[in-house]
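Trainee: Dropping a structure here in structure tokens format, bear with me for questions.
Residue numbers (the numbering used here): 1129 to 1238.
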């Protein structure tokens, strides 16, 4: 099974609370939200691949998180969107992952 994290939003509705960072990297209970989710995902018995789609604006924050956390099993894809007006949306990002990586197996989309 493949796991695809759609994390390419710009967090515009929560910006006044979380600042200029992706929602997936907001700390909850002493860990960033993404780490909580990954702990559960990594327990899946048939896990084959973990992919995270980010927009261009936040991709470096995800790469910094990846280096700091040692999450080398997470493939990060930059969808190229620099602002909310140029975003692909969830379906567009999912299509990008499926096309770019040739994911042909079952996928859990989060």
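All C-beta atoms, glycine included, are put in the ideal place defined by N, C-alpha and C.
Since we're looking at a predicted model, the values are computed, not measured.
Using 8 angstroms as the cut-off, can you tell me whether the segment 1211-1227 makes contact with the segment 1161-1174, which would need three or more C-beta pairs spanning the two stretches below that distance?
Mentor: Because the criterion of three Cβ pairs below 8 angstroms is not met, the segment 1211-1227 and the segment 1161-1174 do not touch.
Trainee: Would you say the segment 1222-1238 touches the segment 1150-1159, given that touching needs at least three Cβ pairs under 8 angstroms?
Mentor: These segments do not touch.
Trainee: Quick one: measure Cβ to Cβ for residue 1207 and residue 1221, integer angstroms, because I've assumed they're closer than 8 angstroms.
Mentor: Along the chain shown, read from residue 1 onward, the residue named residue 1207 stands at position 79. Along the chain shown, read from residue 1 onward, the residue named residue 1221 stands at position 93. So it is a contact: roughly 5 angstroms between Cβ atoms.
Trainee: Go ahead and label residue 1209 buried or exposed: buried means 16 or more other beta carbons lie within 10 angstroms of its beta carbon, across all protein chains shown.
Mentor: On the chain shown, residue 1209 is found 81 positions in, with the first residue counted as 1. Residue 1209 is buried by the Cβ-count criterion.
Trainee: For residue 1149, which residues does DSSP report across the bridge?
Mentor: If you number the chain shown from 1, residue 1149 lands on position 21. Paired residue(s): none; residue 1149 is not in a bridge.
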